[in-house]
Each structure stands twice: as C-alpha cells, then as structure tokens.
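Count the sequence shown with mature numbering (1 follows the signal peptide of the UniProt record, and there is no 0) and you get residues -18 to -1, 1 to 395, in order. In this text, a Cβ means the ideal position worked out from N, Cα and C, and glycines have one as well. One structure below.
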Amino acid sequence: MYKTIYIILLLRIHSTVCNNFCEAKGEQCNVNKHRYLLYDVNPPEGFNLRRDVYMRYAVFIHNLMKSSIPSLTKFKLILPPWTNLYHWKEQKLIQIPWSFFFDIDSLRKFAPVIEMHEFFDEIAPKYTKIKIDEVYVLQHFEDMFKTGIFEDKMEIQKCNKEIRTNFYYYNNITSDNIKCLSFHGHIIDLQNILKITEARTILFDHAEVALHNDFGNKIYWQARRSMRFNKQLQQLALQFRRKYLNSTDESDNTQLPEDWRDENHERAARGGPYLSVHLRQKDFIVGRPKDVPNLEHAVKQIKEILHIQGLSIVFIATDAPIKEYEKLKHYLKDFFVYRYTLDENLIDGQLAIIDQIICSHARYFVGTHESTFSFRIQEEREIMGFPIETTFNRLCGSDINSCHKPSVWKIIY
Ligand SMILES: Nc1nc2c(ncn2[C@@H]2O[C@H](COP(=O)(O)OP(=O)(O)O)[C@@H](O)[C@H]2O)c(=O)[nH]1
Ligand SMILES: [Mg+2]
C-alpha cells in the first residue's frame, strides 16, 4: 500500500517537473506533440491568388510528411482566415474560416490542415493569448533587382520596409521573435529554417515570395484537385444550372467521384448548353484597356462566340455593377442571358465561388486576360475533363493584334 502511494507520488512529481521543463523548453517535452506552420499573404492580394499560395504550402507540408527527419513530419498547416479582402465590400475585419468556401475534409486528404479556430483549441486554453515562437517575414533581395542577377538564396536581413505582420488582425496573437528573411527561390528551401529550429509554432508572412516547387506536375494537380468547394455552394450552383441553364451533371457528363483521389483521366466532359463568360471589370479596366474589353466590345465578342458555337444561352460572371450588367443584358436581348442572382444569405466570396462553379460547367468558357479568377475556372474544367479548346479562351481588349490565346496548363495525373 505504502509502496503504491510512493509510486503515485513519484509519478506526480515527475510529471510536474516534466511540464515545467516543457514550458521552459517551449513545450517540446512530449515527442509526439504537433508543430504548427502558419502563413499569411501580402494584404492586397485577392482570393484567387491566395488559393495559389495555399497550394504551394499544402504541397510543402505534403512533402514534409514524407521526410526522414521525424521533427519535420509533425507539422500541421494552419489555414489563414480570410480577412479584410480588398474586393469584398462587407466583412472587412471578420476572420472567415475556409469551410465557408472549401470542403475541409477534402483538403485533408492531401495535407494535414486545420482551421485557425482548431489551432486555438489545440494550442491554448480558450481566451488566452498566443505567442508565435518564430515569425519570418519574407522579402525580396533588393540588390537582385538592382543587379538583375537572380540566384536562389535566403538570408536574415534588415527589413526592407517597416515590418507589418498583422497576425490576421487578431488581437490575441503576438510574437517577440520577428525577423525578415530575404528570400529568392522555391518553397522547399524553407525546409532549411524548419530543420534548425525546435520552435513549435512558426509563421511565414508574405508567404507568396516563395515560389512553387512543382508547378503543373502531378503533385501540384493533386493539391489542386483536393480543393473541392463547400458542398452547399456546389448544391446552389447545381440548382441554378438545372433551373435556368438546362444543365445537369448526368447530361453534361461532368460527374466526379465523391473523393478526388478516385478521379480518372478521361477527357469526356460535354458541359451544359450555354456559353459562360468571366468578364472581369473594376480594377482591370482601369489599368489594362488593351487587354480587357469595355462592355460594348465584350458584347460584340460574346455574340460572335454564341454564333460560332451555335448556343443561345449565356451565363455572365462579372464584378461589374448591376447597372452595367443590365446594359450588357440589353445589348444581348436576342439571347437568354443569366447571372447568379445576389443571395442575401451569402457573402461576396461565396457568390464568387458559385459564379466560378457555374462557369466551369459550360460547354464553352471565355475568360479575362491574366485574371486568377479565370485561371481557377480553367483548372476546374481541366479536372472535369473538358476539351482544351473550350476552356483556354479570353476576351480581347482594344489591342486585337496582340490578343493571343491564354497559356494551356493541362492537367497531369
Ligand atoms: N461574384 C463575382 N465576383 C468576382 C467576379 N470577378 C471578380 N470578382 C471578385 O473580385 C475578386 C477578384 O480578385 P482575384 O480573386 O484576385 O482575381 P483577379 O484579380 O481577377 O486575378 C474575386 O475574388 C471576387 O471577389 C465575378 O465574375 N463574380
Ligand atoms: Mg487580384
């Protein structure tokens, strides 16, 4: 009996010592504890470029999981909440989780990702402050731009500009270890940072500075295919297609298996009997009239395509104000013109996704030059297996002579 009490006491003492020791060592005591990788993107970047940055980090973590160094396999990637996006009128300083837009279970089949609120639950008791162990703000080497000589390297340097890490606008996150990391190269080089530290939480800000390791290869496309949209948004898009566009997955041959890992290589999608147009306006018509058409010029091109494709229904996705859309509809009065009607229950980013889903299911798609919103639609069509020539098309701006077809980024399995 005394012996048992003695053993229990001993265990107690040991665990207290260990806990204190863990705290002192930055909680590295338990060898099985997870480590957390956070990243954030340059604030002015839009939703669809951010999706591309996600893919770089998802692939990075996916590869870390296969590392022979055990401490590197313990990382989880924190999905940076959507905050203060330039194009979204409301929701300025609310942190919106990824589940509003994407199917998190599907993302997890590619990489160990968690939402920020899950991170809070895992790392600290509710309502306490979180101190990130190490923050690296990525920046470009200034001298490389001066000399024009670019080589892969990285180095802790003085910060180019005043550092502005905003910790996703949370006021319970902070760090007393923020450094600027001049960086030129591919994301895999960031492994060198992770290898030499025992830090449990690491944040890379301006994460877009690190480039894709595997742009366009099989792993890249796996990451891309795992980015299935939130199921309710998919349902809403489907209802709209059925109701107005005479389009269903069965008739369009666009069914995908429940799990993206079961997708096949077939290129057999037909699409619904409509033309879809992504007409990016707002900041795009100000800066690039040579490449982006005004309304009248867009109408002319849309009519031509409808004629050539033998279609009479057109779905318009655009960021143009309602009045502009009404004008466009008027110019196209000989055709059936649809837009996804604004739904009060959805936020801007969700409406944008419904637009993207509907565009991606059309028999023929035409997008806007260099819009990442259009690029994501093209990828979606590659995943469903549309013929190339129905996907990689763009509207021309005023400079018709230099209006070349967009680059074709074919899916790889
Ligand atoms: N609903 C809707 N929103 C759009 C459309 N085009 C642009 N937007 C909005 O404007 C943002 C454009 O920014 P971004 O995603 O960076 O794409 P990019 O600027 O075209 O490369 C999108 O994220 C949407 O919020 C559209 O056709 N429909
Ligand atoms: Mg943008």
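{"query": "Run the CB neighbour count on leucine 46, radius 10 Å, all protein chains shown included, and call it buried at 16 or more, exposed below.", "result": "buried"}
{"query": "Which of helix, strand or coil does DSSP assign to valine 348?", "result": "strand"}
{"query": "Which term fits leucine 75, buried or exposed, when burial requires 16 or more other beta carbons within 10 angstroms of its beta carbon?", "result": "exposed"}
{"query": "Is it the case that the segment 244 to 251 contacts the segment 273 to 285, given that we only count it when at least three CB pairs across the two stretches are under 8 angstroms?", "result": "no"}
{"query": "For a test of the three-state rule: what should DSSP assign to leucine 293, helix, strand or coil?", "result": "coil"}
{"query": "Indicate the three-state DSSP secondary structure (helix, strand or coil) for tyrosine 313 in the structure shown.", "result": "helix"}
{"query": "Tell me the rounded alpha-carbon separation between glutamine 204 and leucine 261.", "result": "28 angstroms"}
{"query": "What residues are listed by DSSP as bridge partners for isoleucine 96?", "result": "Ile60"}
{"query": "Where does the unbroken beta strand (DSSP E) through isoleucine 184 begin, and where does it stop?", "result": "183 to 187"}
{"query": "What is the DSSP secondary structure of glutamate 190, reduced to helix, strand or coil?", "result": "helix"}
{"query": "For ligand 2, which residues count as neighbours when the test is a C-beta closer than 7 angstroms to any heavy atom?", "result": "Glu27, Gly28, Asn30, Leu31, Thr354"}
{"query": "Using a 10 Å radius around the Cβ and a threshold of 16 neighbouring Cβ atoms, would you call threonine 350 buried or exposed?", "result": "buried"}
{"query": "What residues in its chain sit with their C-beta under 6 angstroms from that of tyrosine 395, if we drop five residues either side in the sequence?", "result": "His247"}
{"query": "Going by DSSP, name the residue or residues bridged to isoleucine 155.", "result": "Ile112"}
{"query": "Ligand 1 and arginine 270: does any heavy atom of the ligand fall closer than 8 angstroms to the residue's C-beta?", "result": "no"}
{"query": "Taking 8 angstroms as the cut-off, is the beta-carbon of lysine 264 closer than that to any non-hydrogen atom of ligand 1?", "result": "yes"}
{"query": "Within the same chain, show all residues whose beta-carbon is closer than 8 angstroms to that of aspartate 196, passing over the 5 residues directly before and after it, in chain order.", "result": "Val41, Tyr202"}
{"query": "Return the chain-ordered ranges of every beta strand (DSSP E) run that is complete within the segment 111 to 147 and spans a minimum of 3 residues.", "result": "116 to 121, 135 to 139"}
{"query": "Going by DSSP, what residues sit across from isoleucine 162 in a beta bridge?", "result": "Reading off the sequence, residue 162 comes out as cysteine, not isoleucine. Its beta-bridge partners are Val119, Gln139."}
{"query": "In three-state terms, what does DSSP make of arginine 210?", "result": "coil"}
{"query": "Going by beta-carbon coordinates alone, are phenylalanine 102 and lysine 58 separated by less than 9 angstroms?", "result": "no"}
{"query": "Could you tell me if the beta carbon of glycine 331 falls within a distance shorter than 8 angstroms of some heavy atom in ligand 1?", "result": "yes"}
{"query": "Would you report the Cα separation of phenylalanine 82 and lysine 213, rounded to the nearest angstrom?", "result": "10 angstroms"}
{"query": "The beta strand (DSSP E) spanning glycine 254 covers which residue range?", "result": "254 to 261"}
{"query": "Does the beta-carbon distance from isoleucine 131 to arginine 17 come in below 9 angstroms?", "result": "no"}
{"query": "What did DSSP end up calling glycine 379 once you bin it into helix, strand or coil?", "result": "coil"}
{"query": "Would you mind sorting glutamate 124 into buried or exposed? The rule is 16 or more other CB atoms within 10 Å of its CB.", "result": "exposed"}
{"query": "Go ahead and label tyrosine 109 buried or exposed: buried means 16 or more other beta carbons lie within 10 angstroms of its beta carbon, across all protein chains shown.", "result": "exposed"}
{"query": "Determine the contact status of residue 396 and leucine 120, defining contact as a CB-CB distance below 9 angstroms.", "result": "Residue 396 falls outside the range modelled here, since the chain spans only -18 to 395, and no answer is possible."}
{"query": "Anyone know if the C-beta pair for phenylalanine 149 and isoleucine 114 falls short of 9 angstroms?", "result": "yes"}
{"query": "Going by the beta-carbon positions, is the gap between glutamate 278 and tyrosine 313 smaller than 9 angstroms?", "result": "yes"}
{"query": "To the nearest angstrom, how far is it from the Cα of glutamate 326 to the Cα of alanine 299?", "result": "17 angstroms"}
{"query": "Using only the heavy atoms of ligand 1, determine whether one of them is closer than 8 angstroms to the beta carbon of tyrosine 320.", "result": "no"}
{"query": "For glutamine 77, tell me which candidate among Ala251, Met37, Ile329, Ser380 has the shortest Cα-Cα distance.", "result": "Ile329"}
{"query": "When you measure from the CB of serine 342 to every non-hydrogen atom of ligand 1, does any distance come out below 8 angstroms?", "result": "no"}
{"query": "Kindly identify the DSSP beta-bridge partner or partners of arginine 17.", "result": "Phe57"}
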